[in-house]
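So the sequences go chain by chain: L and X.
Residue numbers for the first sequence follow my numbering, so the first one is 2 and each next one is one higher.
Residue numbers for the second sequence follow my numbering, so the first one is -14 and each next one is one higher.
For glycine and all other residues, C-beta sits at the position ideal for the given N, C-alpha and C.
As structure tokens, the structure follows; a few thoughts come after it.
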Amino acid sequence: MPDSIEERELVERAKRDPEAFGALYDRYFPQIYRFAYSRVRDQSLAEDVTSEVFFKALKNINRYSYGGHPFSSWLYQITLNAVADHYRGQRGEVELEEGSDMASREPAVLDEVVRRDRSRRVWSAIDQLPKQQRAAMVLKFGEDRKIDEIAVILGKSSGAVKLLLHRGVERLRRELPQGEAELGTP
Amino acid sequence: MMDDPELRELFSDPADREVIDLLYTSRPAAPPLDPHFRSYLRAKLMAQARETLAAPTRRRWFQLGPLGMAPAMAAVAAGFIIVLGVEAYLHVQPAASPPVAADIHAIDQKRDVATAEPIQIPFSGPVDKTAVEESIVMQPATSFTKHWDGQTLVITPAHPLAPSTTYKVTLQPKAVPPSQPAATAPPVQRPVVVHFLTAPAPVPPVVPPSFKSGSITYGYDNRIPDSSRLSNPTWTPDGQLLVTRPADPPSPAASTSASAGPTATPAATGSASTNVWLMSTQGTLIRNLAPGGSYPSVAPSGGLFADWSEISDHATLEVRDLQGNVQAAAVATISSRPDRAAVWLGPSRLAYLSEGLLKVVDLHGTLIATPAIKVTGAMSASRAGLQLAMVTDAGPVVMDLSTMNTTVLPAGATGFSWSPNGQLAFSIGRVAGSDLYTGVDPKSARKVAGSAAGETWSDLNWSPDSASILLASHSGSGADSHVRLLLVNADGSAPTGFGSNQRDYANPLWSPRGDLVLFSRPDEAGGISLWTAKATVGQPSAADNAESQALAEVDKFMQARIKGDLSGAQAELDAAAQQAYKNGASSLLSPGAQFARYYPVSVQLAGPNKFLIGARLFIARNNVETSFFEEQLTVVLQDQRYLMDAVTATPTVPLGHGPNVVSVEVRQNGSTQQILVRFDSDLKPETVSADTILVKDNQGSPVKTRVSFDPDGHLVTLDVKLKTGTYSMVVTTGVADINGTQVAQAYTTPLVIGG
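Rendered as structure tokens:
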């Protein structure tokens, strides 16, 4: 985790210095691209989203003010919005609602998880979660974000994020085949 | 999980914790990433940032002189890997004047630096520019030009830099105190060092993708800055651009006297009105190749281009190399302004028009007899230069250039485009639309597709693998006119839109590698700009997916070693490989030093679910890269996961001692093969031959090889015909860079054919 004071100084400089903005880009590109890819599962789309995120960040960086969380939280927020913008209006994208029954909506999931290798099984199952749960799970277990940061990114309270994580893990536990966790333990 | 107190608090049920552990232990590998995308996006962002971030940049000036070493050494101590050095020397300024400084922050210790962009080093004060220029040395050996933009030194490599490569540049400027003439500058003192790492090249797929229309995706696009002034763009074989650009008017300082009034334009005085420039796809002007030139056309091979040079009331056709050196002057002369580029007929002949009549000439300027043909429209030659399609006053024809006989094409045929494999495509307008024709033989060309009513097709351009045609489709008229791009398969099937339906595109041109499409499009200011669009081609084949998985495991293996994580590295080895490392086939870690980075040099399919991957590991001491060695890793699918199964290693090679191979690629071409060997240095062409770069069979006997050399890509291509089996490619110490420094030790790498 970058030193927050140093990061804040860098962000302040980036409001007027292109090179400082370039340094922010160098610092955050990998995680934003990775996060974008985790949401869209398509290299070209992930590139589009990443590009949009950084251009929006550049355009709006003067509006950014430090609120006690890393600069990356703001970038993740923009990423989520960019992904949502991408899917908005697209046909065929069915987001599961909170509380929906993953197994009943996606009967192929169990078949799929059985035949894929163990890493893809559990992360494929995450892909089937409702979008807020999925975002919280990816940010926590894929990006190592703190719950407070996830709350900022998702625009929810910390308690709500904890609930999302809890429900997500419970759902994985229910939906993965028996013994899956044992298989996955080295 | 239990390292995370938040999770410890949230999940107490062992079953939940088990799931969480599974999530952590099975995180997905790094997502696929086009290595050029990162630097490409950065360049775009930085261009935008420079326009939009209002306040002036506060630069980090690197002071030259005794104090100037501190930041560089601090950076080294902080753990940066030195990958390119710019060493500068300045004398100590008198105490009263501030020291001259070089602003190196834009380049210093940067990674993923674009390979085709100039290196810019601004200075804070006056320096002896001539002395600075004369002092520049780049390693690996790189030819370059240099100029000054005010107080900024601009170093432009003559060829794109090699990917993933260690360079070193030395400067030795003398600062010139304002009150002191340059000749009396005090003596040189301390060096300053700058470092950067060039971007990696993408690993080529083991099975080339197909450019079928349905499998090509339009990616992000990029407007080439100030391109509304550019015309006649064309690709070079190495993926850069040649353009015609108006000559800049002379600066006020260059005016000879006050009498130089508004009528004294370059054209009016007989000076060059346009130039032919070599330009990067980012829009960076690299070299003025042909002052006074226009209408460039690139030869199908050999790194040459032709252009027209206008002088007074006539124009001459000249041939230059991509350094701008004239290879054939005044190949032809016409007594009027040219209105089109000459057309290459293979590597050694050119077709052009003189007063509308077709002329063919060789590079010695000798006219070749042709029938009297008046050309009134499009003209295009096949890649091999054996056939020329053209619209004449008698109708469209294809001329066989060996017999000079013509074959009549259907009336109205125009927009000719020849595919790399020799097919001709053209369009014919009809009352309410256009028809697309293709054919291997012009006589048998047949209609394969037709436009919708009210659309007309033009600007045909074949994909690099001859699988599909990209074209512009016009609809509407006047203010309601609209142009979109379409991809149509060679057999006319699956017409597919390419790009946005809301934009107007024209003149699409595939790049030689098929990664970009160049086109023109209106810009916000109402002009027409050049753009490039990234094209993603094809769904990866099963072999490519397997290659990605194998490379991902190699990456985990290498990253563990770079971190010094022995158990992490061992987790990527099967029992045989563990034993091989124990037996000393190579070292998992680097005692007394550190592995700084690695990159894959070659990837070969060696059998079902088996890859042979050459990986180069760099060794650093005190955070400075000093040497490298290469491992040949046999990577095998075992229990649904690729693991290292066998390893061999080369001896270590010190850096900075002659040219090195940076990639080896084997391309199967029917029953023959091309072996592409890319170097990090500019080579002496005369040292590249079948005697110095060899292919040997498994008995060690040399195999007959045809060697060609492309200096722009530091690329040696070996054409061979090999049967299934294992061979080796050897680069001997006879290969030398432009400074005469030879390869430090012979380089040998295995080749697997038909695996």
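Query                                                                                                                                    : Result
Neighbour list for Q133 (chain L) in chain X, Cβ cutoff strictly below 9 angstroms                                                       : Result: empty, since nearest Cβ-Cβ is about 17 angstroms, beyond 9 angstroms.
Proximal residues to A434 (chain X) (C-beta, below 6 angstroms), its chain only, five neighbours per side dropped                        : L421, V473, G477
Short CB-CB distance (under 8 angstroms) between F181 (chain X) and chain L                                                              : no
Below-8 angstroms beta-carbon distance, F(-4) (chain X) vs any chain L residue                                                           : yes
Short Cβ contact (8 angstroms threshold) for R272 (chain X) with G309 (chain X)                                                          : yes
Contact set between the stretch 131 to 155 of chain L and chain X, restricted to residues whose Cβ is under 7 angstroms from the partner : F142, G143, K147, I148
Proximal chain X residues relative to K163 (chain L), where beta-carbon distance stays under 8 angstroms                                 : L(-5)
Own chain partners of V179 (chain X) with C-beta closer than 6 angstroms, once the 5 adjacent residues on each side are dropped          : V71, I89, I92, D93
Inter-stretch contact at 8 angstroms, needing at least 3 Cβ pairs: the stretch 533 to 545 of chain X / the stretch 608 to 615 of chain X : no
Opening and closing residue of the alpha helix (DSSP H) in which K163 (chain L) lies                                                     : 159 to 176
Near-chain L residues of the stretch 316 to 341 of chain X - C-beta to any C-beta below 7 angstroms                                      : none
Collapsed DSSP secondary structure at G414 (chain X) in the structure displayed                                                          : strand
Straight-line gap, F72 (chain L) to Q33 (chain X) (C-alpha atoms, nearest Å)                                                             : 20 angstroms
Euclidean distance between Cα positions of M54 (chain X) and F30 (chain L)                                                               : Bear in mind that a pLDDT of 31 at M54 (chain X), under 50, signals an unreliable position, so the number given afterwards is only what the model happens to contain. Between M54 (chain X) and F30 (chain L), the C-alpha separation is close to 30 angstroms.
Chain A contact for Y88 (chain L) (CB, 8 angstroms cutoff)                                                                               : Here chain A cannot be found, since the structure's protein chains are L and X.
Chain-ordered chain X contacts of P19 (chain L) [CB-CB under 8 angstroms]                                                                : M31, A34, R35, L38, T42
Proximity winner among L:E150, L:E144, L:G156, L:Q134, relative to R172 (chain L) (alpha-carbon distances)                               : L:Q134
Identity of the residue in X:H467, X:R334, X:T521, X:K197 nearest Q372 (chain X) by Cα                                                   : X:R334
Secondary structure of H349 (chain X), DSSP reduced to three states                                                                      : coil
In chain order, each alpha helix (DSSP H) run of at least 4 residues that lies wholly inside the stretch 603 to 654 of chain X           : none
Proximal residues of chain X, C-beta to C-beta of H70 (chain L) below 7 angstroms                                                        : Those within 7 angstroms of H70 (chain L) in chain X number zero; the least Cβ separation is about 15 angstroms.
Closest Cα partner of K706 (chain X) within the set X:T657, X:R368, X:L471, X:V360                                                       : X:T657
Closest Cα partner of G643 (chain X) within the set X:A99, X:M123, X:D19, X:R2                                                           : X:M123
Any 3 or more C-beta pairs closer than 8 angstroms across the stretch 512 to 528 of chain X and the stretch 547 to 559 of chain X        : no
8 angstroms contact criterion, which L503 (chain X) and P218 (chain X) should meet: CB distance rounded                                  : 6 angstroms
C-beta neighbour in chain X for G160 (chain L), strict 8 angstroms                                                                       : no
Test: P16 (chain X) CB closer than 8 angstroms to a CB of chain L                                                                        : yes
Three-state secondary structure assigned by DSSP to F483 (chain X)                                                                       : strand
Test: S11 (chain X) CB closer than 8 angstroms to a CB of chain L                                                                        : yes
CB-CB length for A520 (chain X) against L494 (chain X), believed under 8 angstroms                                                       : Actually they are not in contact, since the Cβ atoms of A520 (chain X) and L494 (chain X) sit about 12 angstroms apart, beyond 8 angstroms.
Three-state class that DSSP yields for G143 (chain L) in the structure shown                                                             : helix
Partners in chain L for G397 (chain X), counting only beta-carbon separations shorter than 7 angstroms                                   : Correct list: empty, because the minimum Cβ distance to chain L is about 38 angstroms.
Contact list for L11 (chain L) against chain X, beta-carbon separation under 9 angstroms                                                 : Chain X residues near L11 (chain L): none, gap ~13 angstroms exceeds 9 angstroms.
Counted within 10 angstroms of its Cβ, other Cβ atoms place S66 (chain L) as buried (16 or more) or exposed                              : exposed
Cβ neighbour criterion (16 or more within 10 Å) applied to N63 (chain L)                                                                 : exposed
Status (buried if at least 16 other CB within 10 Å, exposed otherwise) for S587 (chain X)                                                : buried
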